[in-house]
Every structure is written in structure tokens, then in C-alpha cells.
Amino acid sequence: MIVRISGEDQYRLADEDARRLNELESEVVAIVEGGSEDGFAQAFAQMLDFVRSHGTPLGEDELEGSDVILPPADVSFAEAGREFTGEGLIPD
Amino acid sequence: MAGLTGRMSTVVKAKVSKLLDRAEDPAETLDYSYQKQVEQLQNVKKGIADVVTAKKRLQMQESSLQQNVVKLDTQARQALAAGNEELAKAALERKNVAQTELQSLDTQVSELEDQQQKLTDSEQKLRAKIEAFRTKKEVIKAQYSAAEAQVRISEAATGVGEQMADVGLAMQRAVDKTENMRARADAVQELEAAGTFEDVTQLGSGEDDIDRQLKQLSSAPAVEDELAKMKAELGSPASAQAPQISAPEGGEASAGGEGEQPATQPADGGQA
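Chains as they are written, first to last, in the working numbering: chain A, 490 to 581; chain B, -8 to 263.
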């Protein structure tokens, strides 16, 4: 599976790692939906670190679409919240 | 897709796809598609130039504010030496505001440097992908039938298109940050234009508008502390009198006071 971290790189991730990423992402989403910023930055950074450490970066001449695109590392809690109300990082 | 249906990534991906759909079919004609990519690269360069311009503007304000801080400090000392405590206080209040602005400018300059670095990295990545696309399209055109080539080019175009969308997002974030800072820089400039950091000795004895605003802006304890410290350095009593430099301990402070200005001049100027 190919994962892109916005503003960084694309990574190739093994299937089992993809499952772990799914869990980590669910944790982040749960925090965002809970509405309290506590733990957000840590959980989000942990998710991105997992991709960076377990994934293999795509070569710069590889032209592939991503299966998954994650928000940029400097996303704020407020931005992440808006992500779920339809505004998000990229205007509709 | 290994069953990954995470909500966050799905939403982001859907939006990137929407951005791609909105653009004309990138695979429609190869050369047109390539031309579009090169245009996007030019936009990124322009974006970087804008960030650099904003940064330079902030840095110029920084150096001007630094000069004002030095000037106001000197004026406060001179006023105090001449026994005019009110004027000294006014100068210190302005110095306090200028220093607060300086700190905030510092933070903003480093944030812009961060943005500049990110955009530069994005530009390099996009350039590499575009170059890969250019090579690939020639190979595909030469090796495959028209129908097959169309499929393969479409895949490659999706790869480049996603990179372009990603760079577009990075640019949008940089523009937002730069605009926030531009508004902030304008606010500082207004303070300067209003004479906030000008020569306080030009002021009359009465409070003017700027003084009243400054009292709200500057933190009074900080100003009082600095005033007290300056008094101690000058060795002058709390009541406004022509200073007698007679402090027996005579540390670096009074020596410094003498060196900087004619501290022993009569204070009649201040009384008038």
C-alpha cells in the first residue's frame, strides 16, 4: 500500500503495517471527535513516525497515486477538527 | 488496500482527488499535461519568492525596532538624569512595546524560514516527478499501442497530479501564514507611523493618545522595574532633583552613567 504524508513523501507500506496504521489513525480520529486537544499532537506524531519508520520512501522518479493521504505534520487540532466537518485543509 | 478505510486519510484523499478531477484530464494530451506541470513549478517558485519578500520585510522592521530600543533607552536615562521621571517612564513604556514587538517578529521570521524550506523541498520533489514524467511519456509513446499508452500515461499523470496537488496544499498553507504575518507587520508599521517609537523628548508634558494606548499595551510592572533599576544605576533619589553622583559604592553603574551623557547638568530644562 502507498501512503503519502502531505508535504513530505510517499511511502510503500506492507499489509501488516497498514493494519497498524489503521489502528493508529483510529486513535487520532477518536481524539479529534472527543473535542479535547489532550494527546492529539502526540498521537498524530506517533502515526506519522510509524509511517516514516516502517515505510520505504518511493523513489523520486516513481509515479504512483497514493492509496492513503495523511495530513501534514504541522496540522493543528483545529484544522484536524475541520477536516471532519467538511472544510478541511483543502477547500471544497 | 488492506482494508484501510481510515476516516482522516479517506477525507484528505477524497479532497485531493477532487482537486485532480477539477483540473483538465492530465493525460489528455501528453505535451499539454507536461506544459501544465511546468507552469505549476513556476507557481511554486513565485510562492517561494513571496515568502522571502515577506521575511525580508519583517527583518527590516526588526532592525528598525532594534535601533528604536537603543534610542529610547538612552532617552530614558537622559530624562532621569535630568530629573524628569515622567518622561523617562514614557520612554521606557515605548521601549517595552518595541521589545515585545521584536520578540514576536523573531518568532515570525523563523516560521517563515520554515515555510521557505518546506516549499523549496516541495519544489525539488515536484521537479523530479515532472522530469520522470517527461522521460516516461516518451518511452510510452514509443513502446505501446495508442490504447495501452493511454492507460499507462494516465497512471503516471495521476502520480504527478497528486504531487502537484500536494505542492498546491503546501503553497496554500505558506500563503495563509505569510498573509497573517503581513497583517501583523502592517500593525507594527502603524505604530511606527503614529510616532510611537519616535523621540519622546518631542512630547509636551501632557499625555497624548499614544501614551494612553501605550499604558494599556505595555506591562506596567516591567516598566516600573526598569525605572527603579535605572534610578539605582544613576544613583538618583526617588524625588526628581538634579542628580548628585555621589553613591559611595560607585559600581559600574554610575561610571556607565557618566560615560554615556552629561549626567551632572542642571535639570532646568526638565522643569520648564
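From the three backbone atoms N, C-alpha and C, an ideal C-beta is built for every residue, glycine too.
{"Check": "Does the stretch 106 to 119 of chain B come close enough to the stretch 60 to 77 of chain B that 3 or more CB-CB pairs lie under 8 Å?", "Outcome": "no"}
{"Check": "In the DSSP assignment, the beta strand (DSSP E) including V158(B) goes from what residue to what residue?", "Outcome": "Per DSSP, V158(B) belongs to no beta strand (DSSP E); it is in the alpha helix (DSSP H), 137 to 184."}
{"Check": "Evaluate K27(B) with the Cβ neighbour count: other Cβ atoms within 10 Å of its Cβ, from every protein chain shown; 16 or more gives buried, anything less gives exposed.", "Outcome": "buried"}
{"Check": "Going by DSSP, name the residue or residues bridged to Y500(A).", "Outcome": "V492(A), P546(A)"}
{"Check": "DSSP has L559(A) in a bridge; who is on the other side?", "Outcome": "I494(A)"}
{"Check": "Of all the options D167(B), Q66(B), D216(B), R48(B), which has the alpha carbon lying nearest to the alpha carbon of L96(B)?", "Outcome": "R48(B)"}
{"Check": "So is S555(A) in contact with chain B if we call contact Cβ pairs under 9 Å?", "Outcome": "yes"}
{"Check": "Does the beta carbon of K4(B) sit closer than 9 Å to a beta carbon anywhere in chain A?", "Outcome": "yes"}
{"Check": "Flag F188(B) as yes when its Cβ comes closer than 8 Å to any non-hydrogen atom of the ligand MG, and as no otherwise.", "Outcome": "By its list of ligands, the structure shown contains no ligand whatsoever, and the ligand MG lies outside what it can speak to."}
{"Check": "Provide the residue span of the alpha helix (DSSP H) that contains V130(B), from first to last.", "Outcome": "76 to 134"}
{"Check": "Is there contact here, the stretch 514 to 521 of chain A with the stretch 563 to 573 of chain A, by at least three beta-carbon pairs under 8 Å?", "Outcome": "yes"}
{"Check": "Use the C-beta contact count for E129(B): other C-beta atoms within 10 angstroms, 16 or more gives buried, fewer gives exposed.", "Outcome": "exposed"}
{"Check": "Does the beta carbon of G440(A) come closer than 9 Å to any beta carbon on chain B?", "Outcome": "Summary: the structure shown does not reach residue 440(A), with chain A confined to residues 490 through 581, and so no result is reported for it."}
{"Check": "Please list, in chain order, all residues of the same chain as S0(B) whose beta carbon is under 6 Å from its beta carbon, the five residues on each side excluded.", "Outcome": "none"}
{"Check": "Are the beta-carbon atoms of F188(B) and L552(A) separated by less than 9 Å?", "Outcome": "no"}
{"Check": "Below 7 Å on C-beta distance, what does L32(B) contact in chain A?", "Outcome": "Neighbours of L32(B) on chain A: none; closest Cβ ~14 Å, over 7 Å."}
{"Check": "Which chain B residues are close to E572(A), counting only those with a beta carbon under 8 Å from its beta carbon?", "Outcome": "M(-1), V2, V3"}
{"Check": "Please compile the residues from chain B whose C-beta is within a distance smaller than 7 Å of the C-beta of D550(A).", "Outcome": "A119, A123"}
{"Check": "Using Cβ-Cβ distances below 9 Å, what residues of the stretch 122 to 148 of chain B are close to chain A?", "Outcome": "E122, A123, F124, T126, K127, E146, A147, A148"}
{"Check": "Terminal residues of the continuous alpha helix (DSSP H) containing E475(A)?", "Outcome": "A query on residue 475(A) cannot be resolved here, the shown segment of chain A reaching from 490 to 581 and no further."}
{"Check": "So which residues of chain A does K116(B) contact, with C-beta pairs closer than 8 Å?", "Outcome": "D498, E549"}
{"Check": "Taking C-alpha atoms, which residue in D112(B), A70(B), G150(B), K127(B) lies nearest to I558(A)?", "Outcome": "G150(B)"}
{"Check": "N329(B): buried (16+ other C-beta within 10 angstroms of its C-beta) or exposed?", "Outcome": "Any question about residue 329(B) goes unanswered here, given that chain B covers just -8 to 263."}
{"Check": "Just the Cα atoms here: how many angstroms apart are Y500(A) and E516(A)?", "Outcome": "21 Å"}
{"Check": "Indicate whether at least one CB of chain A lies closer than 9 Å to the CB of D41(B).", "Outcome": "no"}
{"Check": "Determine the chain B residues that contact I520(A) at a beta-carbon separation under 8 Å, and present them in chain order.", "Outcome": "Correct list: empty, because the minimum Cβ distance to chain B is about 11 Å."}
{"Check": "DSSP three-state call for S565(A): helix, strand or coil?", "Outcome": "coil"}
{"Check": "Counting only C-beta atoms, is E514(A) closer than 9 Å to chain B at any point?", "Outcome": "yes"}
{"Check": "So with CB distances below 8 Å, who are the chain A contacts of K109(B)?", "Outcome": "G496"}
{"Check": "I'd like to check one pair, S495(A) with D105(B): are the Cβ atoms closer than 9 Å?", "Outcome": "no"}
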